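Under this note's numbering, residues 2 to 406 are what the sequence shown spells out, in order.
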Amino acid sequence: MNSATRVVIVGGGPVGLLAAVLLAREPALQITVLEPGAEPGPLDDALGFRVYALSRASERVLSHVGAWPVLVPRAGAYDRMVIWESGHGATGLGSLVFDAEDNAEPNLGHIVDHEGLCFSLWQKAAECDNVCLRFGIGVEALDREARNIRGSDDHDYGFDLLIGADGGASQVRAGFDIPVYEHGYQQRALVGHVATAEPHDYTAWQCFLPSGPVALLPMINGQCGLVWSVDEAEAEALAAMSVDDFNARLTEATESVLGKVALTTERGVFPLKFLHAERYCDTGMVLVGDAAHTVHPLAGQGLNLGILDAAALAEVVGEALAGGQHIGDQRVLRRYERWRKSENLLMAIGLDGLHRLFKLSAPGLPPLRRLGMAALNRAPFARRLLIAKAMGLGGELPNVARAVA
Ligand SMILES: Cc1cc2nc3c(=O)[nH]c(=O)nc-3n(C[C@H](O)[C@H](O)[C@H](O)COP(=O)(O)OP(=O)(O)OC[C@H]3O[C@@H](n4cnc5c(N)ncnc54)[C@H](O)[C@@H]3O)c2cc1C
Numbered sequence: 002m003n004s005a006t007r008v009v010i011v012g013g014g015p016v017g018l019l020a021a022v023l024l025a026r027e028p029a030l031q032i033t034v035l036e037p038g039a040e041p042g043p044l045d046d047a048l049g050f051r052v053y054a055l056s057r058a059s060e061r062v063l064s065h066v067g068a069w070p071v072l073v074p075r076a077g078a079y080d081r082m083v084i085w086e087s088g089h090g091a092t093g094l095g096s097l098v099f100d101a102e103d104n105a106e107p108n109l110g111h112i113v114d115h116e117g118l119c120f121s122l123w124q125k126a127a128e129c130d131n132v133c134l135r136f137g138i139g140v141e142a143l144d145r146e147a148r149n150i151r152g153s154d155d156h157d158y159g160f161d162l163l164i165g166a167d168g169g170a171s172q173v174r175a176g177f178d179i180p181v182y183e184h185g186y187q188q189r190a191l192v193g194h195v196a197t198a199e200p201h202d203y204t205a206w207q208c209f210l211p212s213g214p215v216a217l218l219p220m221i222n223g224q225c226g227l228v229w230s231v232d233e234a235e236a237e238a239l240a241a242m243s244v245d246d247f248n249a250r251l252t253e254a255t256e257s258v259l260g261k262v263a264l265t266t267e268r269g270v271f272p273l274k275f276l277h278a279e280r281y282c283d284t285g286m287v288l289v290g291d292a293a294h295t296v297h298p299l300a301g302q303g304l305n306l307g308i309l310d311a312a313a314l315a316e317v318v319g320e321a322l323a324g325g326q327h328i329g330d331q332r333v334l335r336r337y338e339r340w341r342k343s344e345n346l347l348m349a350i351g352l353d354g355l356h357r358l359f360k361l362s363a364p365g366l367p368p369l370r371r372l373g374m375a376a377l378n379r380a381p382f383a384r385r386l387l388i389a390k391a392m393g394l395g396g397e398l399p400n401v402a403r404a405v406a
C-alpha cells in the first residue's frame with residue numbers, strides 16, 4: 002500500500018512546474034503534474050517570442066531550485082527603467098528613472114523567455130524521483146468529494162492536496178466554486194521581439210500613451226521584447242497590418258527613443274484582465290499564480306507574484322508536514338492564503354490604480370500627473386522603496402527568496 006501523501010498539480014506552466022520542484026524536497030509527497038500542453042524544450046539558441054521581466058526575488062527562488070544556471074545564457078540583465086508619458090519625451094519633465102545603483106544592486110532584474118524558463122523548471126522537475134510529469138493531459142472531470150481528478154487520458158488521479166496552477170481561466174477554481182472579482186481592461190497586449198536602431202543600453206523603456214503603455218524590454222541578444230497594451234480595436238488593427246506599417250506605428254509610439262524599431266518575430270496578442278479569487282483555498286485545494294490572481298502586465302509583476310506563491314506554499318506545506326499536520330487541512334492552507342493574499346492584493350490594486358491613473362485625461366490631470374512623477378523622480382527615498390517593491394524584496398518573503406547570507 003502506498004502511504005505517500007498525494008499532491009496533484011493542475012497546470013504545468015511556470016508556476017505549476019516550480020511548485021512541483023519546490024514540493025519535491027519533501028520525500029513524503031508524491032507529486033503529479035497534469036498539463037494539456039506539450040513538454041517543454043529542447044531549447045535552441047533563439048529566444049521564445051514571449052518574455053518576462055523577472056525580479057530579484059524570483060531569481061533567488063529559481064537559483065535555489067537549480068533552474069537559474071540553465072537560464073543564465075538566455076537572461077538579459079537590465080540596470081535601469083525609464084518611464085515617461087507620451088508627448089513629453091523620455092528625458093522630459095515627468096519622466097521617471099529607476100537605477101539599480103540607487104539601491105546598490107547589480108541590476109534591477111532579468112528578461113527571460115517563456116520557453117527557457119519552462120524548460121529549466123521542467124528539467125529540474127524531471128530529475129525528482131517523487132514527481133510524475135504528465136504532459137498532453139488535461140482535466141476531464143473533478144470530483145471534490147471523492148478527491149479525484151479524471152484525466153483526459155481516462156486515468157483517475159486521487160489527491161490529498163490539489164494545486165490549481167492552471168492560469169486565469171482555472172478549471173480547478175471553477176470546480177471548487179471559488180468566486181472571483183474580475184473586470185476586463187478592454188485592452189490587449191501585443192508582444193514580439195524588435196530590433197532597434199539604437200542599443201537598448203540595458204534599460205527597460207516604457208512610454209504611457211493615452212491608449213495604454215508600450216514597453217521595450219532589453220534582451221540578452223541585443224533586441225528588445227515588446228509589450229504594447231492597446232484598446233481592443235486598435236490591437237486588432239495593429240495585429241493585422243503589414244509589418245512595415247506596424248514598425249512605423251511602433252517607432253512613433255515609442256517616440257523613437259531607440260530610433261527605428263523593426264519586428265523580428267511573429268506578433269502575439271493577449272487579452273488583459275484583472276482577476277482576484279475571493280479565496281485561495283478550500284479543504285484539500287489551493288490556488289497559485291494566475292489561477293488566484295491575474296494583473297495588468299504594465300509593471301511585469303504577474304509571474305513574479307506567482308513564483309512567490311509557489312515558494313510560500315512549499316514553505317507552509319513543509320512546516321505542516323514537520324508538525325504532523327495534514328497538508329489538505331484548511332487551517333494549514335489558510336496560513337498560505339493569509340500570507341500571499343495580502344501581498345498579491347496590494348500589488349494587484351496598485352497596478353490597477355496605475356493603469357487607471359494613466360488612462361484619465363480630465364482637464365488639468367495630465368500636467369498634475371507629470372508633476373507627481375517629477376516629484377517622485379527627485380525623491381530618492383521613495384524611489385528606493387518602489388525599486389525594492391518592483392524587485393520583489395518588500396513584504397514578507399519566503400525563505401528561498403531571501404538573500405543568502
Ligand atoms: C503580455 C503579458 C506580459 C507579461 N509580462 C510579465 C512580466 O514581464 N513579468 C511577470 O512577472 N509577469 C508577466 N506577465 C504575467 C505572466 O504571464 C503570468 O502571471 C504567468 O504566466 C502566470 O503563470 P501561471 O503558471 O500561473 O499560469 P500560466 O502561465 O497561464 O500557465 C497555466 C498552465 O496551466 C495549463 N492549463 C490551463 N488549463 C488547464 C487545465 N484545465 N488542466 C491542466 N492544465 C491547464 C496551461 O496550459 C498552462 O500551461 C505578463 C502577462 C502578459 C499577458
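Don't be surprised by glycine CBs; every beta carbon is placed ideally from N, CA and C.
It should be emphasised that the depicted structure is a prediction, and the values quoted were computed from it without experimental measurement.
{"Asked": "By a C-beta neighbour count over all protein chains shown, 10 Å radius and 16 as the cutoff for buried, is residue 28 buried or exposed?", "Found": "exposed"}
{"Asked": "For the candidate residues 36, 165, 163, 240, whose alpha-carbon lies nearest to that of residue 190?", "Found": "240"}
{"Asked": "What do you reckon, is the C-beta of residue 271 under 7 Å from a heavy atom of ligand 1?", "Found": "yes"}
{"Asked": "What does residue 116 pair with, by DSSP beta-bridge criteria?", "Found": "In the DSSP output, where bridge partners are listed per residue, residue 116 has none listed."}
{"Asked": "Contact defined as beta carbons within less than 8 Å: I believe residue 440 pairs with residue 192. What is the distance between those atoms, to the nearest angstrom?", "Found": "Residue 440 lies beyond the stretch modelled for the chain, which goes from 2 to 406, so this question has no answer here."}
{"Asked": "Mind checking residue 6: buried by the 16 CB within 10 Å criterion, or exposed?", "Found": "buried"}
{"Asked": "For a test of the three-state rule: what should DSSP assign to residue 31, helix, strand or coil?", "Found": "strand"}
{"Asked": "Among 205, 173, 163, 17, which has the Cα closest to the Cα of residue 98?", "Found": "205"}
{"Asked": "Within 10 angstroms of its Cβ, does residue 114 collect 16 or more other Cβ (buried), or is it exposed?", "Found": "buried"}
{"Asked": "What do you reckon, is the C-beta of residue 203 under 7 Å from a heavy atom of ligand 1?", "Found": "no"}
{"Asked": "Return the first residue and the last residue of the alpha helix (DSSP H) that residue 274 is part of.", "Found": "No alpha helix (DSSP H) holds residue 274; the beta strand (DSSP E) holding it covers 269 to 278."}
{"Asked": "Does the beta carbon of residue 237 fall short of 7 Å from some heavy atom of ligand 3?", "Found": "Of the ligands one can find in the structure shown, namely ligand 1, none is ligand 3."}
{"Asked": "When the Cα atoms are used, what is the spatial distance from residue 201 to residue 160?", "Found": "48 Å"}
{"Asked": "Check whether the Cβ of residue 316 lies closer than 7 Å to any heavy atom of ligand 1, and answer yes or no.", "Found": "no"}
{"Asked": "Give every residue of the same chain whose Cβ lies closer than 6 Å to the Cβ of residue 396, excluding the five residues on either side of it in the sequence, and list them in chain order.", "Found": "344"}
{"Asked": "Within 10 Å of its beta-carbon, does residue 84 have 16 or more other beta-carbons around it, so buried, or fewer, so exposed?", "Found": "buried"}
{"Asked": "With DSSP collapsed to three states, give me the class of residue 2.", "Found": "Interpretation of residue 2 is limited by its pLDDT of 40, a score under 50 that renders its predicted location unreliable; no figure is taken from the coordinates."}
{"Asked": "What does a CB cutoff of less than 6 Å around residue 132 pick up in its chain, not counting 5 residues either side in sequence?", "Found": "21, 25, 32, 126"}
{"Asked": "Exposed or buried, which one is residue 182 when buried takes at least 16 other CB atoms within 10 Å?", "Found": "exposed"}
{"Asked": "Does the Cβ of residue 291 lie closer than 7 Å to at least one heavy atom of ligand 1?", "Found": "yes"}
{"Asked": "Check whether the Cβ atoms of residue 163 and residue 9 lie closer than 8 Å to each other.", "Found": "yes"}
{"Asked": "Exposed or buried, what is residue 382 when buried is set at 16 or more other beta-carbons lying within 10 Å of its beta-carbon?", "Found": "exposed"}
{"Asked": "Any heavy atom of ligand 1 closer than 7 Å to the Cβ of residue 186?", "Found": "no"}
{"Asked": "What span of residues does the alpha helix (DSSP H) with residue 349 cover, start to end?", "Found": "331 to 360"}
{"Asked": "Can you check which of these residues, 301, 39, 278, is closest to residue 293 by C-alpha distance?", "Found": "278"}
{"Asked": "How about residue 109 and residue 392: are their beta carbons less than 8 Å apart?", "Found": "yes"}
{"Asked": "Tell me the rounded alpha-carbon separation between residue 407 and residue 65.", "Found": "Residue 407 falls outside the range modelled here, since the chain spans only 2 to 406, and no answer is possible."}
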